Each structure stands twice: as C-alpha cells, then as structure tokens.
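Student: Numbering (our numbering), first residue to last: 701 to 872.
Each residue gets a CB set at the ideal place from its N, CA and C atoms; glycine is no exception.
Computed from a predicted structure; not experimentally measured.
Have a look at the structure that comes next, please.
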Amino acid sequence: MQDYDKQVQENIRMAQQFKEEGNQYYKNQDWKKALICYHKVFLYINGFISKEDEFKSYSKVQLTSQEQTNAIRELKCLTYGNMAQVYINQQKYIKGKEAAINSLEINRNIKVLYRLAICNIELNNLEEARVQLLEVQKSDNKIDISPQLKQIEIKESSKNKQLAQAMKKLFI
701 MQDYDKQVQE
711 NIRMAQQFKE
721 EGNQYYKNQD
731 WKKALICYHK
741 VFLYINGFIS
751 KEDEFKSYSK
761 VQLTSQEQTN
771 AIRELKCLTY
781 GNMAQVYINQ
791 QKYIKGKEAA
801 INSLEINRNI
811 KVLYRLAICN
821 IELNNLEEAR
831 VQLLEVQKSD
841 NKIDISPQLK
851 QIEIKESSKN
861 KQLAQAMKKL
871 FI
C-alpha cells in the first residue's frame with residue numbers, strides 16, 4: 701500500500717518535471733521537443749485509477765487518493781492545453797482541436813476555449829468558433845476577440861461569394 705502511494709507520488713513528480721521541461725522548450729520555440737516532453741507527462745500519469753473512475757471495481761491495485769487524483773487531473777488538463785497551443789503554432793489545427801477538447805473535458809478553461817476557437821476558425825467551423833469566442837468574452841471581457849470575429853466575417857463573406865458564383869454557373 702505504502703509502495704503504491706510512493707510510486708504514484710513519484711510518477712506525478714516526474715510528470716510535473718516533464719511538463720516544466722516542455723514549457724521551457726515552448727518558450728524557446730522548440731515545438732517538437734516541447735511536444736515530446738508533453739507526451740511523456742502522460743506516460744507517467746495515465747493508468748492510475750481514482751475513486752470516481754467507472755472501472756474502479758475491476759482494479760486490483762489501490763485507488764489514488766483525492767489529492768493525487770486532483771494533481772493528475774490538473775497535470776492532464778494543463779498539458780493538453782499546452783499541447784493545443786503548440787499544435788496551433790505548428791498549424792496542425794485538427795490535433796490542436798483534439799488537445800483542446802481533451803483539456804476542456806477535464807476542466808473548463810477560458811484560455812483553452814480560446815485556443816479551441818482558433819482551431820475552429822482555421823478548420824472553417826465558423827459558427828462553432830463564434831459561439832466559443834463569445835463564451836470567452838462573456839467569461840473575461842478583457843480578452844479582445846474582435847480580430848477573430850473579423851476573421852470569421854471575412855471567411856464567411858468569401859464562402860458566400862464562392863457559393864454565389866457556383867449558383868450563377870448552374871443557371872447560365
């Protein structure tokens with residue numbers, strides 16, 4: 701029992717260390733190494749079972765304490781959010797969207813919701829992006845979303861022009 705608790709604590713410590721290392725690579729704009737570190741976080745913290753886990757009755761190992769569960773959830777949430785930003789920087793918007801969604805499923809975070817909206821703009825999910833941006837602004841009115849809303853308007857206008865031209869060709 702005590703050995704399991706020590707192992708969980710050590711894994712959390714190692715995961716936090718890799719997250720911090722990833723953050724340093726991020727600051728140095730080394731996206732590839734940042735992602736490698738962020739992925740290592742999950743190697744250390746995935747697989748632990750908490751009291752809230754739906755599969756806890758099948759576990760042969762001790763469940764994590766509430767404190768450990770909270771630390772693991774926070775690490776996952778922050779790491780997914782950081783990964784979303786790296787993917788945005790790499791213009792890998794599908795992966796960025798997936799990482800942002802994973803983070804938001806753990807905990808609602810305005811910064812990550814904003815990142816999700818950015819991915820949706822780039823993926824032309826414009827209405828979804830607009831709703832997310834308005835939610836961001838509602839939660840924190842200091843965040844200026846006007847450039848992103850303008851970007852949505854421009855994309856919608858371009859889409860409408862293309863549609864009008866396509867319709868015109870149909871009836872000529």
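Starting from the C-beta of GLY781, find all residues in its chain whose C-beta is less than 8 Å away, skip the five residues before and the five after it, and write them out in chain order.
Tutor: Numbered from its first residue, the sequence shown carries residue 781 at position 81. ALA799, ALA800, SER803, ASN809, LYS811, VAL812, ARG815.
Student: Exposed or buried, MET783, counting other C-beta atoms within 10 Å across all chains shown (16 or more means buried)?
Tutor: Mapped onto the sequence shown, residue 783 falls at position 83. The residue is buried, with at least 16 neighbouring Cβ atoms inside 10 Å.
Student: I'd like to check one pair, LEU763 with ILE772: are the Cβ atoms closer than 7 Å?
Tutor: Reading the sequence shown from its first residue, position 72 is the one you call residue 772. Reading the sequence shown from its first residue, position 63 is the one you call residue 763. No, these two residues do not count as a Cβ contact at 7 Å.
Student: Beta-carbon within less than 8 Å of ILE689's beta-carbon, same chain only, minus the 5 sequence neighbours each way: which residues are those?
Tutor: Limits of the chain in this structure are 701 at one end and 872 at the other, which puts residue 689 out of reach.
Student: Does the stretch 862 to 869 come close enough to the stretch 822 to 841 that 3 or more CB-CB pairs lie under 8 Å?
Tutor: They do not touch, by the three-pair rule.
Student: Assign GLN712 to one of two classes, buried (16 or more other C-beta atoms within 10 Å of its C-beta) or exposed (fewer than that).
Tutor: Along the sequence shown, read from residue 1 onward, the residue named residue 712 stands at position 12. Residue identity check: residue 712 is Ile in the sequence provided, not Gln. Burial call: buried.
Student: When you compare each of SER765, LYS732, SER857, VAL741 to LYS706 by their alpha carbons, which one comes out closest?
Tutor: Looking up residue 706 in the sequence shown gives position 6. Selected option, being the one with the closest Cα: SER765.
Student: What's the C-alpha gap between GLN709 and ASN860?
Tutor: As a position in the sequence shown, residue 709 is number 9, starting the count at 1. As a position in the sequence shown, residue 860 is number 160, starting the count at 1. Computed Cα separation, rounded: 55 Å.
Student: Can you tell me whether DSSP reads GLY722 as helix, strand or coil?
Tutor: If you number the sequence shown from 1, residue 722 lands on position 22. Correct three-state label for GLY722: helix.
Student: Helix, strand or coil, according to DSSP, for ARG815 in the structure here?
Tutor: Your numbering for residue 815 matches position 115 in the sequence shown. ARG815 falls in the helix class under three-state DSSP.
Student: Look up GLN791 in the DSSP assignment and say whether it is helix, strand or coil.
Tutor: Start at 1 with the first residue of the sequence shown, and residue 791 comes out as number 91. Residue state, collapsed to three classes: coil.
Student: Report, in whole angstroms, the separation of the C-beta atoms of ILE806 and LYS776, which I expect to be a contact under 8 Å.
Tutor: Residue 806 sits at position 106 when you count from the first residue of the sequence shown. Residue 776 sits at position 76 when you count from the first residue of the sequence shown. Between LYS776 and ILE806 the Cβ distance is about 6 Å, and since that is below 8 Å, they are a contact.
Student: How about TYR725 and LYS719: do their beta carbons lie closer than 7 Å?
Tutor: As a working mapping, residue 725 is identified with position 25 in the sequence shown. As a working mapping, residue 719 is identified with position 19 in the sequence shown. No. Outside cutoff.
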